[in-house]
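Chemist: Under our numbering, the first residue of the sequence shown is numbered 5, with each subsequent residue one higher.
One structure coming up, written as structure tokens, with questions to follow.
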Amino acid sequence: MNIKRLLLKFLPRYVVGRLCVYGRLMRMEKPIGTLLLLWPTFWALWIASEGLPDFTILLAFTLGTFLMRSAGCVVNDFADRDIDGAVARTNQRPFAQGLVTKSEALLLLLILCLLAALCLLPLNRLTWLMSLPALFLAITYPFTKRFFPLPQFYLGLAFSFGIPMAFAAVTDSVPPLAWLIFAANVLWTLAYDTIYAMADKEDDLKIGIKTSAITFGHHDVSAVMLCHFWFTVLMMVLGWQIGASWPYWLVLPLVVYWQWQQYQVIKTRDRWACFRVFLENNRIGLAWFFAIVAHYLWIS
Numbered sequence: 005m006n007i008k009r010l011l012l013k014f015l016p017r018y019v020v021g022r023l024c025v026y027g028r029l030m031r032m033e034k035p036i037g038t039l040l041l042l043w044p045t046f047w048a049l050w051i052a053s054e055g056l057p058d059f060t061i062l063l064a065f066t067l068g069t070f071l072m073r074s075a076g077c078v079v080n081d082f083a084d085r086d087i088d089g090a091v092a093r094t095n096q097r098p099f100a101q102g103l104v105t106k107s108e109a110l111l112l113l114l115i116l117c118l119l120a121a122l123c124l125l126p127l128n129r130l131t132w133l134m135s136l137p138a139l140f141l142a143i144t145y146p147f148t149k150r151f152f153p154l155p156q157f158y159l160g161l162a163f164s165f166g167i168p169m170a171f172a173a174v175t176d177s178v179p180p181l182a183w184l185i186f187a188a189n190v191l192w193t194l195a196y197d198t199i200y201a202m203a204d205k206e207d208d209l210k211i212g213i214k215t216s217a218i219t220f221g222h223h224d225v226s227a228v229m230l231c232h233f234w235f236t237v238l239m240m241v242l243g244w245q246i247g248a249s250w251p252y253w254l255v256l257p258l259v260v261y262w263q264w265q266q267y268q269v270i271k272t273r274d275r276w277a278c279f280r281v282f283l284e285n286n287r288i289g290l291a292w293f294f295a296i297v298a299h300y301l302w303i304s
């Protein structure tokens with residue numbers, strides 16, 4: 005690993021080893037979670053600023069998104085430290101391998117949250133206030149798998165709070181349009197994270213945690229596609245609300261085609277195929293981002 009070799013030139017081997025473990029705990033080698041969190045935040049920033057986001061605000065949200073996603077991963081592994089070893093896809097995580105202690109994880113979590121708080125400094129008071137429920141949702145999500153039948157819905161709330169925060173930062177208000185995007189993103193998150201849960205369904209049933217894939221049962225594929233459908237409908241309503249130009253609408257048939265492809269794969273319920281489909285949702289978020297940017301470039 006090139007970064008590891010570079011660090012070894014300046015730091016003792018033990019320190020580099022610990023940093024690598026902490027990086028794995030933060031999922032730095034798996035940026036998909038950060039991207040899925042980032043695209044809706046960017047949608048909101050571009051729409052709130054009518055295509056001209058302030059660089060300071062853009063940088064604050066980009067760094068804050070990375071830091072809070074990393075913090076969420078640390079909390080998730082801390083909460084699942086006794087069960088990750090029993091799941092095929094997670095048995096190589098640091099806690100499952102005994103590479104990190106609880107105190108190390110909690111200290112790392114505190115550092116990440118403090119760094120994320122620093123990203124709020126150039127933003128207004130309303131954004132600071134809205135960061136409190138966002139933090140609460142991010143920290144508590146991993147524990148909902150013990151008692152809540154749809155933890156993926158709860159994750160959708162956590163993954164969507166960057167949207168009203170973005171509007172608050174840009175306009176010092178949270179208009180209905182922000183909540184429209186919020187609702188669309190909750191549905192999209194519920195769709196792709198249910199697909200993610202379908203990959204772990206066998207293991208989750210054995211260890212007794214709750215997921216939307218288990219709750220939906222034999223209707224899991226139908227539930228995913230229903231969420232995709234209403235997500236797309238709300239993105240169409242969003243286009244109508246912002247008076248979207250033709251570049252925005254060009255993305256619509258492409259997204260629908262990708263969603264249809266997802267259906268063709270996930271109906272097999274093959275765990276690794278479902279995991280690959282989960283990863284492919286990144287291009288949906290990116291496509292809608294390009295659509296929004298293209299709209300504002302066209303009308304400027």
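Virtual Cβ for every residue (Gly too), placed ideally from N, Cα, C.
Assess contact between the segment 233-250 and the segment 213-222, defined as three or more Cβ pairs (one per stretch) separated by less than 8 Å. Is contact present?
Modeler: The segment 233-250, when compared against the segment 213-222, does not touch it at the 8 Å Cβ threshold.
Chemist: Might you give, ordered along the chain, the residues of its own chain that have their beta carbon closer than 6 Å to the beta carbon of P44, omitting 5 neighbours on each side?
Modeler: Position 40 of the sequence shown holds residue 44. Only I167 and N189 meet the Cβ criterion.
Chemist: At a cut of 8 Å, does the segment 152-171 reach the segment 132-142 through at least three beta carbon pairs?
Modeler: Taking 8 Å as the limit for Cβ pairs, the verdict is that the segment 132-142 does touch the segment 152-171.
Chemist: When we look at the beta-carbon of Y261 and count the other beta-carbons within 10 Å, is it buried (16 or more) or exposed?
Modeler: As a first step, residue 261 must be located in the sequence shown, where it is residue number 257. Y261 comes out exposed.
Chemist: Which residues bound the alpha helix (DSSP H) around T219?
Modeler: As a position in the sequence shown, residue 219 is number 215, starting the count at 1. It spans S216 to F220 - the alpha helix (DSSP H) in which T219 sits, taken as one unbroken run.
Chemist: Which residues mark the beginning and the end of the alpha helix (DSSP H) in which I167 is found?
Modeler: As a working note, residue 167 is residue 163 in the sequence shown. Segment G166 to T175, the alpha helix (DSSP H) holding I167.
Chemist: Take the Cβ of W276 as the centre, count every other Cβ of all protein chains shown within 10 Å, and call the residue buried at 16 or more, exposed below.
Modeler: Indexing the sequence shown from 1 puts residue 276 at position 272. So W276 ends up on the exposed side.
Chemist: For N285, which option in S304, A100, V259 and Y300 has the closest C-alpha, if you only look at C-alpha atoms?
Modeler: Within the sequence shown, residue 285 is the residue found at index 281, counting from 1. It is V259 whose Cα lies nearest to the Cα of N285.
Chemist: Looking only at its own chain, which residues have a Cβ that is under 7 Å from the Cβ of R85, when we skip the five neighbours before and after it?
Modeler: Here residue 85 refers to the residue found at position 81 of the sequence shown. Cβ neighbours of R85 beyond the five flanking positions: F99.
Chemist: Check whether the segment 115-128 touches the segment 62-77, counting contact only when three or more Cβ pairs, one atom from each stretch, lie closer than 8 Å.
Modeler: Touching, yes, given that three or more Cβ pairs across the two stretches are closer than 8 Å.
Chemist: Tell me, please, whether the segment 103-114 touches the segment 53-62 by the rule of three or more beta-carbon pairs shorter than 8 Å.
Modeler: Cβ pair count under 8 Å is below three, so no.
Chemist: What is the residue span of the alpha helix (DSSP H) that T144 lies within?
Modeler: Numbered from its first residue, the sequence shown carries residue 144 at position 140. R129 to T144 is the span of the alpha helix (DSSP H), which, as asked, contains T144.
Chemist: Please classify K205: does DSSP put it in a helix, a strand, or coil?
Modeler: In the sequence shown, the residue the question calls residue 205 occupies position 201. Three-state DSSP puts K205 in a helix.
Chemist: Does R73 pass the burial test, meaning 16 or more other C-beta atoms within 10 Å, or should it be called exposed?
Modeler: As a first step, residue 73 is located in the sequence shown; it is residue number 69 there, counting from the start. Answer is buried; the Cβ neighbour count reaches 16.
Chemist: Helix or strand or just coil, what does DSSP make of Q96?
Modeler: Start at 1 with the first residue of the sequence shown, and residue 96 comes out as number 92. Three-state result, Q96: coil.
Chemist: At the level of alpha carbons, what is the spacing between T272 and M202?
Modeler: Locating residue 272 in the sequence shown gives position 268, where the first residue counts as 1. Locating residue 202 in the sequence shown gives position 198, where the first residue counts as 1. Those two C-alpha atoms are separated by around 11 Å.
Chemist: Is L133 closer than 8 Å to A173 when the C-beta atoms are compared?
Modeler: Position 169 of the sequence shown, counting from 1, holds the residue named residue 173. Position 129 of the sequence shown, counting from 1, holds the residue named residue 133. No, these two residues do not count as a Cβ contact at 8 Å.
Chemist: Leaving out the 5 sequence neighbours to the left and right, which residues in its chain are closer than 7 Å to F293 when beta-carbon positions are compared?
Modeler: For the purposes of this step, residue 293 is taken as residue 289 along the sequence shown, with counting starting at 1. If we look at F293 and ignore the five residues flanking it on each side, its Cβ neighbours are W43, F46 and W47.
Chemist: Give me the Cα-Cα distance between H299 and F220, rounded to the nearest whole angstrom.
Modeler: Here residue 299 is taken as the residue at index 295 of the sequence shown, counted from 1. Here residue 220 is taken as the residue at index 216 of the sequence shown, counted from 1. In a straight line, the C-alpha of H299 is about 37 Å away from that of F220.
Chemist: On the three-state DSSP scale, how would you describe A188?
Modeler: Along the sequence shown, one-based indexing puts residue 188 at 184. Three-state DSSP puts A188 in a helix.
Chemist: Per DSSP, what kind of secondary structure is Q101 in: helix, strand or coil?
Modeler: Taking the first residue of the sequence shown as position 1, residue 101 is located at position 97. Looking at Q101 - three-state DSSP - the assignment turns out to be coil, as it is neither helix nor strand.
Chemist: What did DSSP end up calling T272 once you bin it into helix, strand or coil?
Modeler: Residue mapping note: residue 272 aligns to position 268 of the sequence shown, counting from 1. The answer is coil: DSSP assigns T272 none of H, G, I, E or B.
Chemist: Which same chain residues end up closer than 7 Å to T131 when comparing Cβ atoms and leaving out the 5 residues on each side of it in sequence?
Modeler: On the sequence shown, position 127 is the one that residue 131 refers to. Result list for T131: L124, M169, A172 and A173, in chain order.
Chemist: If you follow the alpha helix (DSSP H) that L154 is part of, which residue opens it and which one closes it?
Modeler: As a position in the sequence shown, residue 154 is number 150, starting the count at 1. Where L154 is concerned, there is no enclosing alpha helix (DSSP H), given that its DSSP letter is neither H nor E.
Chemist: Roughly how many angstroms separate the alpha carbons of W253 and A295, rounded to a whole number?
Modeler: Your numbering for residue 253 matches position 249 in the sequence shown. Your numbering for residue 295 matches position 291 in the sequence shown. The alpha-carbon atoms of W253 and A295 are separated by roughly 7 Å.
Chemist: Going straight from the alpha carbon of V225 to that of R150, what length do you get?
Modeler: Along the sequence shown, read from residue 1 onward, the residue named residue 225 stands at position 221. Along the sequence shown, read from residue 1 onward, the residue named residue 150 stands at position 146. Each residue's Cα considered, the two are about 23 Å apart.
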